[in-house]
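Novice: I have a structure I would like to understand better, so I am pasting it below and will then ask my questions one at a time.
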Amino acid sequence: MTTTIGALVGELGNRFRAAGLPQPQLEARTLVLGVLDVGLSELLMRSDCDISDEDVARVRAAGDRRCRREPVHRILGRRSFYDLDLVLSPETLEPRPDTETLVDAALPIVHEVTARKGYCRIADLGTGSGAICLALLSKADEATGLGTDICEEALETAKRNAERNGLASRFSVRRGRWIDALDGSYDLIVSNPPYIPTAEIAILAPEVRDFDPHAALDGGDDGLDSFRTISAGVGRHLAPDGHIAVETGFDQQDAVVALFRRNGFDCIKRATDLGGNDRVAVFAHATNR
45 MTTTIGALVG
55 ELGNRFRAAG
65 LPQPQLEART
75 LVLGVLDVGL
85 SELLMRSDCD
95 ISDEDVARVR
105 AAGDRRCRRE
115 PVHRILGRRS
125 FYDLDLVLSP
135 ETLEPRPDTE
145 TLVDAALPIV
155 HEVTARKGYC
165 RIADLGTGSG
175 AICLALLSKA
185 DEATGLGTDI
195 CEEALETAKR
205 NAERNGLASR
215 FSVRRGRWID
225 ALDGSYDLIV
235 SNPPYIPTAE
245 IAILAPEVRD
255 FDPHAALDGG
265 DDGLDSFRTI
275 SAGVGRHLAP
285 DGHIAVETGF
295 DQQDAVVALF
305 RRNGFDCIKR
315 ATDLGGNDRV
325 AVFAHATNR
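Start counting the sequence shown at 45; every next residue gets the next number (the numbering used here).
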């Protein structure tokens with residue numbers, strides 16, 4: 045019995061709905077498009093076209109994985125972020141739309157620095173897939189970036205993403221923990237560090253708890269361990285007129301701002317995510333010290 049693309053989307057949508065998954069029809073369409081490597085317009089034009097038994101089997105197997113709560117983009121092995129096509133690996137956090145808020149907040153700084161200096165040195169602490177740094181480089185041809193991470197496999201993923209997006213000549217990686225991986229000074233330092241309190245990881249959605257690397261989630265007892273380390277040491281590697289921009293938990297910004305203030309930084313900007321939650325804080329060397 046033959047199966048059409050449209051029928052397969054409907055089949056998966058019904059399965060996802062029965063499994064209680066969010067946005068079942070949208071996720072079904074995204075999964076089918078990704079597995080078959082077709083665009084939305086092609087799906088609309090070929091909705092009534094039969095597909096091979098092999099492709100049906102591949103799509104249904106992917107549907108089985110989603111019903112076990114594996115995220116759609118983990119199944120596909122890639123995700124779009126700030127117009128970049130990024131590959132994912134088990135060792136990297138899946139970049140999410142709310143993190144684009146950090147890129148939006150940092151990009152004007154990159155443009156201002158490159159206009160003034162002709163270049164901008166960027167460091168991305170805990171780079172993972174390289175998403176944040178590569179997004180900034182893709183919008184500023186004069187900028188160069190360093191991605192740091194404690195995980196060698198994550199750094200390999202970041203390098204692969206730089207290559208597939210044509211940014212490898214301006215992006216390098218170095219293994220190390222936070223500030224320890226840096227040398228020299230940078231005009232902009234960015235980071236989306238782990239900020240989930242340890243006790244809360246067990247109650248996260250299974251898509252996050254079971255598939256994102258815990259090292260990229262666990263921020264210690266209060267979620268602020270990484271911010272303590274970064275704020276205490278980043279001043280040694282930030283240019284006198286440099287900035288640092290970090291992603292935070294929705295209820296952590298006041299605490300993060302206080303940590304940076306104690307270490308000689310002023311918060312010059314805050315930004316909210318797509319849901320209106322506090323998400324990004326930008327700092328500069330304090331002007332009164």
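Even glycine gets a Cβ: it sits at the ideal position worked out from N, Cα and C.
Determine, using beta-carbon pairs with one atom in the segment 127 to 143 and one in the segment 280 to 289, whether at least three such pairs fall under 8 Å.
Specialist: Judged by Cβ distances under 8 Å, the segment 127 to 143 makes no contact with the segment 280 to 289, as fewer than three pairs qualify.
Novice: If contact is defined by three or more beta carbon pairs under 8 Å, each pair taking one atom from either stretch, is the segment 295 to 302 in contact with the segment 259 to 275?
Specialist: The segment 259 to 275 vs the segment 295 to 302: in contact.
Novice: Near Leu151, which residues of its chain fall below 7 Å by C-beta distance, leaving aside the five closest residues on each side in sequence?
Specialist: Taken in chain order, the residues that qualify are Leu180, Lys183.
Novice: Hey, is the segment 308 to 324 in contact with the segment 143 to 159, meaning 3+ C-beta pairs nearer than 8 Å?
Specialist: Touching, yes.
Novice: Let me know the secondary structure DSSP gives Thr47 once reduced to three states.
Specialist: Correct three-state label for Thr47: strand.
Novice: Roughly how many angstroms lie between the CA atoms of Asn332 and Leu211, to the nearest whole one?
Specialist: Caution applies to Asn332, whose pLDDT of 49 falls short of 50 and renders its modelled position unreliable; the value that the coordinates give is listed next. Their Cα atoms are separated by approximately 38 Å.
Novice: Considering only residues of the same chain and omitting the five flanking positions on each side of Thr292, which have a CB-CB separation below 8 Å?
Specialist: Answer for Thr292: Tyr239, Phe271, Val300, Asp322, Arg323, Val324, Ala325, listed in chain order.
Novice: Under the rule that 16 or more other beta-carbon atoms within 10 Å means buried, what is Pro66, buried or exposed?
Specialist: That one is exposed.
Novice: According to the neighbour-count rule (16 or more other Cβ atoms, all chains shown, within 10 Å of its Cβ), is Tyr356 buried or exposed?
Specialist: Nothing in the structure corresponds to residue 356, since the chain is present only between 45 and 333.
Novice: With DSSP collapsed to three states, give me the class of Val154.
Specialist: Here Val154 sits in helix by DSSP.
Novice: Taking the alpha-carbon of Asn236 as reference, which of Arg305, Ala289, Asp256, Phe255 has the nearest alpha-carbon?
Specialist: It is Ala289.
Novice: As a quick exercise: from Ala260, Ile247, Ala243, Leu77, pick the residue whose alpha carbon is nearest that of Asp266.
Specialist: Checked all of Ala260, Ile247, Ala243, Leu77; the closest Cα to Asp266 is Ala243.
Novice: Sorted by chain position, which residues of the same chain lie with C-beta nearer than 7 Å to Cys93's C-beta, five sequence neighbours on each side aside?
Specialist: Excluding residues within five positions, the ones whose Cβ falls inside 7 Å are Thr48, Ile49.
Novice: Going by DSSP, what residue range makes up the beta strand (DSSP E) through Thr316?
Specialist: Taken as a continuous stretch (DSSP letters only), the beta strand (DSSP E) holding Thr316 covers 309 to 316.
Novice: Starting from Ser235, trace the alpha helix (DSSP H) both ways and give me its first and last residue.
Specialist: Where Ser235 is concerned, there is no enclosing alpha helix (DSSP H), although the beta strand (DSSP E) it sits in stretches over 230 to 235.
Novice: With Ala276 as the anchor, note down where its alpha helix (DSSP H) starts and where it stops.
Specialist: It spans 269 to 277 - the alpha helix (DSSP H) in which Ala276 sits, taken as one unbroken run.
Novice: Exposed or buried, what is Thr46 when buried is set at 16 or more other beta-carbons lying within 10 Å of its beta-carbon?
Specialist: So Thr46 counts as exposed.
Novice: Thinking just about the alpha-carbon of each residue, which of Glu114, Arg109, Arg102 is nearest to the one in Asp254?
Specialist: Closest option to Asp254, Cα to Cα, is Glu114.
Novice: Classify Ala246 as buried or exposed, calling it buried when 16 or more other Cβ atoms lie within 10 Å of its own Cβ.
Specialist: Ala246 comes out exposed.
Novice: Excluding sequence positions up to five away, which residues of its chain have a Cβ less than 6 Å from the Cβ of Pro257?
Specialist: Counting only Cβ-Cβ distances below 6 Å, and skipping sequence neighbours, we find Glu135.
Novice: With the cut-off set at 7 Å, would you say Val131 and Arg204 are in Cβ contact?
Specialist: Taking 7 Å as the Cβ cut-off, Val131 and Arg204 qualify as a contacting pair.
Novice: Do you know offhand how far Val76's Cα is from Val252's?
Specialist: So the two alpha carbons sit approximately 22 Å from each other.
Novice: Contact between the segment 163 to 172 and the segment 188 to 208: three or more CB pairs below 8 Å?
Specialist: With a cut-off of 8 Å, the segment 188 to 208 and the segment 163 to 172 count as touching, because enough Cβ pairs lie within range.
Novice: Expressed to the nearest angstrom, what Euclidean distance is found between the alpha-carbon atoms of Thr74 and Phe60?
Specialist: One C-alpha to the other measures close to 12 Å.
Novice: According to DSSP, is Leu65 helix, strand or coil?
Specialist: DSSP places Leu65 in coil when its eight states are reduced to three.
Novice: How is Ser133 classed by DSSP in three states: helix, strand or coil?
Specialist: It is coil, neither helix nor strand.
Novice: Can you give the Cα-Cα distance for Arg102 and Val79, rounded to whole angstroms?
Specialist: Those two C-alpha atoms are separated by around 7 Å.
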